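Chains as they are written, first to last, in our numbering: chain H, 52 to 386; chain W, 9 to 594.
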């Protein structure tokens, strides 16, 4: 088991290096090939030659692309320094680069945003997992009843309605019309500094995001459950005289969870890298909103940083999913 | 309808539904006040609405766009210059008064307007006694000189305007204070500080616009001891009524009272609210909801509400009474690069101008509330402007196809021609105007392709004359506002041949005309801005007669103001509510 985990962790590192090479190439090598100059993006309305040269030097854009990538990797592992005029700005490890727009190291900017995205993804994922699996199971057990059809129609609506629809409408109703919630302002310091404000800011994003995902999980659970309920070993279990609840909980549901966990791991990992639409709709200052802001201003180092963090969460989520297989399904052995 | 249009349409419906819901109910804000307003457009009439000297409360500002920089040497967004009226002062500033008075410069850190000598080449300012930085140290002439010297350090502090370098360098090639070999880091020779209260600017030639440069944020004083270069933008030192209490990029900036600001030294800023918050949102429709519910006081970016809120406001008298449709000082226009055939021929340019449908172009930008029909290239409010000057009959609002066909014949292209319009893909009204022009030009067999590009790349896409020629951009859609309120501040980057740049060029038509360039020189040599104003009127006429531009709109924006705001009026120098005096009723 330990050897397996170590081997997978090594794979994680290799995967992240590959992702960093690809994204670095896209952001810094492609513009060079196409003849566009990232320094012009940062120079604003003025295109003073001295300013553009200064930006190139500060961001390392005047160096060969391989040297730039080497400096990037060095920064991630050991940190690096950037010229600030009268002195330098130290960018401590993990230094994903320096945001010229914000005049601060990328990680310093993003580390405050990780808890926001974490709050959103964790809360929403609990809701959609519980809600989605429960409704899927009930729907499977009450197949072709009114309850089954109503649940699946709701699920279809959940999958079909985009976040910017449900988000805006839910805000309009619960915040501005009914006044049940205050306007959404994510508090500085998050849960620790203002639990009430944090809950107020998170509850609608959780529900709207969970509504979208729960629908998928309900449909997936229902379909898998129905398939498993038709398996021979379920018939055997019933023939042995086990109660229906034991058959469902110990045999059918356990097998149903394997594909659910696979999808859940991927979804959660992707969300931890930034729930772009939800964060943008509710103005939550998380990684997704940071990515959108950075794209709109052309802040390449921040885009690179968010990409790396998102990749980290995705590969780690995959690792955790693989480990969970062994827990959920006794037939799986990790070697 | 393509998928992106469907998405936009769906979003508009959602926003409209949301705003309808907003209108139906209450809200959780303690700021809610009566929606009884002063009347539609009341804040643009030259009066002060809700005049008050009452202090206290929190002024809540919001914007879908964050500040570019808080460092006064690096900021260039118009709305950020308005925000900077909260925390930085300059020798001169625009008066905080409604109407034309708001376009006049008044002394701020200076005791009086400058004393001119040496044939208009020397400007001498005396600094007020008792003016201090937020840490309590007195502001001296050396701090002002140092602040101006920072603008020269473009290698470290890029982003802001560079007019001061053009005027004050005078061949010295001053590298800025960080590479200055002067032991006091005050080596810029054209600026002298004979004592702590006096600062002298020696220009190479008279410049009637120089006083305007002293009112731009990059002329603000900076204490050398607190300057940490590029990082200064995260904690600028205040000289105004407020100081920066916290700055979180992309999220929020909070301003609190500056205890060392003495109102006795200040006739422009009033510093009424106890606190000012500036919040960045990623959802403009949600911002509109907050405005209408009273949770936010003012969308400080000044670009106006979104389409859904616009409909709501214009249809509901109680919201309309709290809204204005001021001129923003911007013009929206098409430019015809003379380097791209057949636009080297004035008759071909005239054909396009005559064939355009001005009313359709206005509709594409959002209808009459988005601006008055453009007639020429100097918008109202800029000295020398004349809104009634309409050489091509654009304000009639209809295409003039007979004239267009005659011009086409005179151009030698009676059967039409092909060309390309370059437009920023992230500016939907600009794309819509390009589509409108494309449709209108079909009537004279001019076949137009629309080339959309990412607006971030403007300086290398349409700002590169080489690229414009290579890609055959015969028509460019753009918008423009003045950096400072003079004809030169508005027109010179657009039409003076000496402003043509290899990148970041704004003289898209590539005009390098001796007469026009000479008029700018003549205006600069005028003794006062008032004397220079008619000369800019001549520049405007000269460029319009050359048919280099098709003006679309004198830009307006539908703006909602929270009825609890006090001292409400649009400062005509920037087309925005003046943050120097804005207050809130508790």
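C-beta: ideal position from N, C-alpha, C; glycine also.
Owing to the predicted nature of the structure, the values given are computational and were not obtained by experimental measurement.
Option in 408(W), 381(W), 406(W) and 407(W) with minimal Cα separation from residue 396(W): Translated into positions along the second chain, residue 396(W) becomes position 388. Looking at the Cα atoms, 381(W) is the closest of the given residues.
Close-in-space but distant-in-sequence residues of the same chain around residue 532(W) (CB under 8 Å, 5 per side omitted): Within the second chain, the letter at position 524 stands for residue 532(W). Once the five neighbours on either side are set aside, the close Cβ partners of residue 532(W) are 213, 214, 215, 216, 217, 496 and 540.
Starting from residue 236(W), find everything on chain H with Cβ-Cβ shorter than 8 Å and list it in chain order. Along the second chain, one-based indexing puts residue 236(W) at 228. In chain order: 135, 136, 137 and 138.
By the three-class DSSP mapping on this structure, what secondary structure does residue 464(W) have? Mapped onto the second chain, residue 464(W) falls at position 456. Looking at residue 464(W) - three-state DSSP - the assignment turns out to be helix.
Starting from the N-terminal side, write out each stretch of the alpha helix (DSSP H) that is 4 residues or longer and does not extend beyond the segment 321-352 of chain W. For the segment 321-352 of chain W, whole alpha helix (DSSP H) runs of length 4 or above, ordered along the chain, are 325-328.
Against chain H, which members of the segment 474-491 of chain W pass a CB distance test of less than 7 Å? none
Pull up the distance between the alpha-carbon of residue 316(H) and that of residue 332(W), whole angstroms please. Taking the first chain and counting its residues from 1, one reaches residue 316(H) at position 265. Taking the second chain and counting its residues from 1, one reaches residue 332(W) at position 324. In this structure, the straight-line span from the alpha carbon of residue 316(H) to that of residue 332(W) is close to 51 Å.
Just the C-alpha distance for residue 149(W) and residue 480(W), rounded to the nearest angstrom, thanks. The residue given as residue 149(W) occupies position 141 in the second chain. The residue given as residue 480(W) occupies position 472 in the second chain. The C-alpha of residue 480(W) is placed about 51 Å away from the C-alpha of residue 149(W).
Pair within 7 Å by beta-carbon distance, residue 281(W) and residue 592(W): Residue mapping note: residue 281(W) aligns to position 273 of the second chain, counting from 1. Residue mapping note: residue 592(W) aligns to position 584 of the second chain, counting from 1. Against a cut-off of 7 Å, the Cβ pair of residue 592(W) and residue 281(W) comes out as a contact.
Do residue 94(H) and residue 166(W) count as a contact pair if the criterion is CB distance below 7 Å? Position 158 of the second chain, counted from the start, is the residue given in the question as residue 166(W). Position 43 of the first chain, counted from the start, is the residue given in the question as residue 94(H). Yes, they are a contact pair.
Decide if residue 13(W) is buried, meaning its Cβ has at least 16 other Cβ atoms within 10 Å, or exposed. Within the second chain, the letter at position 5 stands for residue 13(W). Here residue 13(W) scores only 44 on pLDDT, less than 50, and its place in the model should not be relied on; the value that follows carries that caveat. That one is exposed.
For the candidate residues 482(W), 451(W) and 414(W), whose alpha-carbon lies nearest to that of residue 429(W)? Taking the second chain and counting its residues from 1, one reaches residue 429(W) at position 421. Among 482(W), 451(W) and 414(W), the Cα nearest to that of residue 429(W) is on 482(W).
Between residue 565(W) and residue 378(W), what straight-line distance do the alpha-carbon atoms span, to the nearest angstrom? Indexing the second chain from 1 puts residue 565(W) at position 557. Indexing the second chain from 1 puts residue 378(W) at position 370. So the alpha carbons of these two residues sit roughly 6 Å apart.
For residue 31(W), which residues from the same chain have a beta carbon less than 6 Å from its beta carbon, with the 5 sequence-adjacent residues on both sides left out? In the second chain, counting from the first residue as 1, residue 31(W) sits at position 23. Because residue 31(W) sits at a pLDDT of 41, beneath the cut-off of 50, its placement in the model cannot be relied upon, and the following sentence gives the value as read from the coordinates. In the same chain as residue 31(W), and ignoring 5 residues on each side of it, no C-beta atom comes closer than 6 Å to its own.
Under 8 Å (Cβ pairs) to chain H, residues found in the segment 454-476 of chain W: 464, 465, 467, 468 and 471
Against residue 295(H), what residues of chain W qualify as contacts under a CB-to-CB distance less than 7 Å, listed in chain order? If you number the first chain from 1, residue 295(H) lands on position 244. Chain W residues near residue 295(H): none, gap ~44 Å exceeds 7 Å.
Looking at the C-beta of residue 433(W), does it have a partner C-beta in chain H at a distance below 7 Å? Here residue 433(W) corresponds to residue number 425 of the second chain, with the count starting at 1. It does not; no Cβ of chain H falls within 7 Å.
So the candidates are 386(W), 504(W) and 508(W); which of them puts its Cα closest to the Cα of residue 522(W)? As a first step, residue 522(W) must be located in the second chain, where it is residue number 514. In terms of Cα proximity to residue 522(W), the closest of 386(W), 504(W) and 508(W) is 504(W).
How would you list, in chain order, the residues of chain H whose beta-carbon sits under 9 Å from the beta-carbon of residue 242(W)? The sequence position of residue 242(W) within the second chain is 234, counting from 1. Residues of chain H passing the Cβ test: 153, 154 and 155.
Please report how far the alpha carbon of residue 242(W) lies from the alpha carbon of residue 551(W), in whole angstroms. Mapped onto the second chain, residue 242(W) falls at position 234. Mapped onto the second chain, residue 551(W) falls at position 543. Near 42 Å, if we compare the C-alpha coordinates of residue 551(W) and residue 242(W).
Is the shortest distance between the beta-carbon of residue 592(W) and the beta-carbons of chain H less than 7 Å? Residue mapping note: residue 592(W) aligns to position 584 of the second chain, counting from 1. No, because no Cβ of chain H sits closer than 7 Å to the Cβ of residue 592(W).
Counting pairs of Cβ atoms below 8 Å between the segment 282-297 of chain H and the segment 201-212 of chain H, do you hit three or more? no
Residue burial classification, residue 538(W) (beta-carbon count within 10 angstroms, cutoff 16): Locating residue 538(W) in the second chain gives position 530, where the first residue counts as 1. With fewer than 16 other Cβ atoms within 10 Å, it is exposed.
Span of the alpha helix (DSSP H) around residue 323(H): The count along the first chain starts at 1 and reaches residue 323(H) at position 272. First-last of the alpha helix (DSSP H) with residue 323(H): 304-323.
For residue 344(H) and chain W, any beta-carbon pair shorter than 7 Å? Numbered from 1 along the first chain, position 293 holds the residue referred to as residue 344(H). Chain W contact via Cβ: present.
Segment contact flag, the segment 165-180 of chain H with the segment 252-261 of chain H, C-beta cutoff 8 Å, min 3 pairs: yes
In the segment 406-461 of chain W, which residue ranges form an unbroken beta strand (DSSP E) of at least 3 residues, counting only runs that do not cross its ends? 426-432 and 455-461
Under the three-state DSSP convention, the category residue 561(W) falls into: Stepping through the second chain from its first residue, residue 561(W) is reached at position 553. In the displayed model, residue 561(W) falls within a strand according to three-state DSSP.
Taking the alpha carbon of residue 283(H) as the point to measure from, which residue in 303(H), 273(H) and 206(H) has its own alpha carbon closest? Here the question's residue 283(H) lines up with position 232 in the first chain. Residue 283(H) has its Cα closest to that of 303(H), out of 303(H), 273(H) and 206(H).
Between residue 307(H) and residue 279(H), which are expected to be in contact by the criterion C-beta below 8 Å, what is the C-beta distance as a whole number of angstroms? In the first chain, the residue the question calls residue 307(H) occupies position 256. In the first chain, the residue the question calls residue 279(H) occupies position 228. Right, their Cβ atoms sit about 6 Å apart.
Assuming residue 583(W) and residue 292(W) form a contact by the criterion Cβ under 8 Å, report the distance between their Cβ atoms to the nearest whole angstrom. As a position in the second chain, residue 583(W) is number 575, starting the count at 1. As a position in the second chain, residue 292(W) is number 284, starting the count at 1. At roughly 19 Å, the Cβ-Cβ gap does not stay under 8 Å, so residue 583(W) and residue 292(W) are not in contact.
Closer than 7 Å, Cβ to any Cβ of chain W: which residues of the segment 75-106 of chain H, in chain order? 87, 88, 91, 92, 94, 95, 96, 97, 98, 99, 101, 102, 104, 105 and 106
Segments of 3+ residues assigned as beta strand (DSSP E) that fall wholly inside the segment 210-261 of chain W: 250-256
Rounded separation between residue 6(W) and residue 252(W) - CA only: Here chain W has residues from 9 to 594 only, and residue 6(W) is not among them.
Which whole runs of the alpha helix (DSSP H) in the segment 349-382 of chain H are 4 residues long or more, in chain order? 351-379
Residue ranges of each beta strand (DSSP E) run of no fewer than 3 residues wholly in the segment 101-159 of chain H, ordered along the chain? List check, beta strand (DSSP E) in window: 131-134 and 139-142.
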